[in-house]
Structures are given as C-alpha cells and as structure tokens.
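Just so we're aligned, residue 4 is where the sequence shown starts under the numbering used here, counting upward by one.
So the structure is just underneath, and the comments pick up after that.
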Amino acid sequence: MASFKMPPEFSRDFEQLKTRAAKGQVGAQKLLKLLDDAKKELSLDISAGEKIQKNLWPKE
4 MASFKMPPEF
14 SRDFEQLKTR
24 AAKGQVGAQK
34 LLKLLDDAKK
44 ELSLDISAGE
54 KIQKNLWPKE
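Here it is as structure tokens:
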C-alpha cells in the first residue's frame, strides 16, 4: 500500500470535522466517510498522487 501525507493545515480542520461527527451531525459524518473512502482508494493506487496535467482535453 502506498502512503500519502496530509498538509499541516488539514489536521486542524479534520479534527474539527471528527468532533462534529462525534456530536452526531449527519453532514459531518457523511463527509468523514467520503474522506476515509478516498484515503483508502488513494493508498491502493500508487499513481493516484501523480500530478494531473492542466489540459485534460485537447483544444479543438
């Protein structure tokens, strides 16, 4: 499994989100589940952290 790092400013917001989810806020719980699922997907795919090119579609 590949590993990835979260930016430092994310830690504070993530802790607040976990606190809101623990208090029973449904929106925070859903967002926390989405983040957990995304972390699992990213850790399984080694190339997921590669930089995405700016122009995804060619100009016509």
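By construction, the Cβ of each residue, glycine as well, lies at the ideal position given by its N, Cα and C atoms.
Note that the structure is predicted; figures quoted are calculated from it, not measured.
P10 in three-state terms, based on DSSP: Coil.
L47 versus D39: straight-line alpha-carbon distance, rounded: L47 and D39 have their C-alpha atoms spaced approximately 13 Å apart.
Within 8 Å, strictly: CB atoms of L45 and L34: For L45 and L34, no; Cβs fall outside 8 Å.
Q19 - DSSP class collapsed to helix/strand/coil: If DSSP states are grouped into helix, strand and coil, Q19 belongs with the helices.
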